[in-house]
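Enquirer:
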Amino acid sequence: GEDVEQSLFLSVREGDSSVINCTYTDSSSTYLYWYKQEPGAGLQLLTYIFSNMDMKQDQRLTVLLNKKDKHLSLRIADTQTGDSAIYFCAESMGAGTALIFGKGTTLSVSS
Amino acid sequence: NAGVTQTPKFRVLKTGQSMTLLCAQDMNHEYMYWYRQDPGMGLRLIHYSVGEGTTAKGEVPDGYNVSRLKKQNFLLGLESAAPSQTSVYFCASSFPAVGNEQYFGPGTRLTVT
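Top to bottom, those sequences are chains A and B.
Quick note: our numbering has the first sequence finishing at residue 107, numbered continuously throughout.
Quick note: our numbering has the second sequence finishing at residue 154, numbered continuously throughout.
See below:
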């Protein structure tokens, strides 16, 4: 079945890099996503990657995909206190299909 | 563009009461979705719609009904609320396009006592 797993918590110091990891089980996933949720708010799409890509970089964000191990990671460079939030990994099978979410990783950034 | 909006933002119901949550999007998206978010559970799909007049069940549809009479609106109904339906409800929308990027509303926090 479909399952997306994430570690629950990550704590870093301001200015350090953060790496949030995710594993998924469905090898037919076409797209993999990272969403950010701040307290009391909805989900904000940060970035996504096609399953035929290994890496995608977008300003401070770097997504790495190891399709063989079904492992996805999100690296945030120069982490700021404003990056404190819950980060969700999600997968989908293609256009118009539902997203399957992990349970979220709470990132805490201390100054 | 307002994007995806949801009303109401908060609601408290008593067991057995009914209510309708409204989702509206102004991006001309074909697809719309209702998810619920529970502590430690991530988001789970309740129902979705691939176009005006069509709806389909998701992972956790029991106790909910939906309607998509207009392309821009997707309604989620609870006919007889139960405490197990206490949750935060999110609506999302997307184009049936490469990337399948879904855009989320701000959520409705529902408490059933």
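In this text, a Cβ means the ideal position worked out from N, Cα and C, and glycines have one as well.
(1) For a test of the three-state rule: what should DSSP assign to A/A26, helix, strand or coil?
(2) Quick check on the burial criterion: 16 or more other C-beta atoms within 10 angstroms. Buried or exposed for A/S106?
(3) Short check: CB of A/E10 to CB of A/T102, under 8 angstroms?
(4) For A/G11, return the contacting residues in chain C, with the cut-off set at a CB-CB distance below 7 angstroms.
(5) B/M82 versus chain A: which residues are under 8 angstroms apart at the beta carbon?
(6) For A/T77, which three-state DSSP category applies?
(7) Return helix, strand or coil for A/S47, following the three-state DSSP convention.
(8) Check the Cβ of A/S111 against every Cβ in chain B and list those closer than 7 angstroms, keeping chain order.
(9) If you measure beta-carbon to beta-carbon, which residues of the segment 116 to 133 of chain B are closer than 7 angstroms to chain A?
(10) Taking CB distances under 8 angstroms as the criterion, tell me whether A/Y27 reaches chain B.
(11) Counting beta carbon pairs with one atom in the segment 72 to 83 of chain B and one in the segment 107 to 119 of chain B, are three or more of them shorter than 8 angstroms?
(12) Relative to the alpha-carbon of B/Y105, which residue among B/S59, B/G44, B/V45 and B/A43 has its alpha-carbon at the smallest distance?
(13) Straight-line CA distance for B/A122 to B/T46?
(14) Are B/G118 and B/C132 touching if we call contact CB-CB under 8 angstroms?
(15) Is the beta carbon of A/T21 closer than 8 angstroms to that of A/K66?
(16) Any C-beta of chain B sitting closer than 8 angstroms to the C-beta of A/T102?
(17) Looking at C-alpha atoms only, which residue of B/A43, B/K55 and B/E100 is the closest neighbour of B/I87?
(18) What number of angstroms, rounded off, separates the C-alpha of A/P35 from the C-alpha of B/R150?
(19) Any beta carbon from chain A within less than 8 angstroms of B/V91's own beta carbon?
(20) Can you list the residues of chain B that A/A91 reaches, using a CB-CB cut of under 9 angstroms?
(21) Name the DSSP bridge partner or partners of A/S104?
(22) If we cut at 8 angstroms on Cβ distances, does A/L41 have a partner in chain B?
(23) Please classify B/S121: does DSSP put it in a helix, a strand, or coil?
Expert: Quick look at the numbers:
(1) Locating residue 26 of chain A in the first sequence gives position 30, counting from the first residue. The amino acid occupying residue 26 of chain A in the given sequence is Thr; Ala does not appear at that position. The answer is coil: DSSP assigns A/T26 none of H, G, I, E or B.
(2) Here residue 106 of chain A is taken as the residue at index 110 of the first sequence, counted from 1. Its Cβ having fewer than 16 others within 10 Å, A/S106 is exposed.
(3) For this step, residue 10 of chain A is matched to residue 14 along the first sequence. For this step, residue 102 of chain A is matched to residue 106 along the first sequence. Against a cut-off of 8 angstroms, the Cβ pair of A/T102 and A/E10 comes out as no contact.
(4) This model lacks chain C altogether; the protein chains it does include are A and B.
(5) The residue labelled residue 82 of chain B in the question sits at position 41 within the second sequence. In chain order: K99.
(6) In the first sequence, the residue the question calls residue 77 of chain A occupies position 81. A/T77 falls in the helix class under three-state DSSP.
(7) Position 51 of the first sequence holds residue 47 of chain A. Coil, per DSSP.
(8) Here chain A has residues from -3 to 107 only, and residue 111 of chain A is not among them.
(9) F131
(10) As a working mapping, residue 27 of chain A is identified with position 31 in the first sequence. With 8 angstroms as the cut-off, A/Y27 counts as an interface residue toward chain B.
(11) yes
(12) On the second sequence, residue 105 of chain B is found 64 positions in, with the first residue counted as 1. Comparing Cα-Cα distances from B/Y105 to each of B/S59, B/G44, B/V45 and B/A43, the minimum goes to B/S59.
(13) For the purposes of this step, residue 122 of chain B is identified with residue 81 of the second sequence, where counting begins at 1. For the purposes of this step, residue 46 of chain B is identified with residue 5 of the second sequence, where counting begins at 1. Roughly 23 angstroms separates the two Cα atoms.
(14) Here residue 118 of chain B corresponds to residue number 77 of the second sequence, with the count starting at 1. Here residue 132 of chain B corresponds to residue number 91 of the second sequence, with the count starting at 1. No.
(15) By 1-based counting over the first sequence, the position of residue 66 of chain A is 70. By 1-based counting over the first sequence, the position of residue 21 of chain A is 25. Yes. Within cutoff.
(16) Sequence index remark: in the first sequence, residue 102 of chain A carries index 106 (1-based). It does not: the Cβ of A/T102 has no partner Cβ on chain B nearer than 8 angstroms.
(17) Residue 87 of chain B sits at position 46 when you count from the first residue of the second sequence. When only C-alpha atoms are compared, the closest one is B/E100.
(18) Residue 35 of chain A sits at position 39 when you count from the first residue of the first sequence. Residue 150 of chain B sits at position 109 when you count from the first residue of the second sequence. Between A/P35 and B/R150, the C-alpha separation is close to 13 angstroms.
(19) By one-based count along the second sequence, residue 91 of chain B stands at place 50. Chain A contact via Cβ: present.
(20) On the first sequence, position 95 is the one that residue 91 of chain A refers to. Per Cβ cutoff of 9 angstroms: Y72, S135, F136, P137, A138, V139, G140 and N141.
(21) For the purposes of this step, residue 104 of chain A is taken as the residue at position 108 of the first sequence. For A/S104, which the question treats as bridged, DSSP gives the partners A/S7.
(22) The residue you call residue 41 of chain A lines up with position 45 of the first sequence. Yes, contact with chain B.
(23) Locating residue 121 of chain B in the second sequence gives position 80, where the first residue counts as 1. Reduced to three states, the DSSP call for B/S121 is coil.
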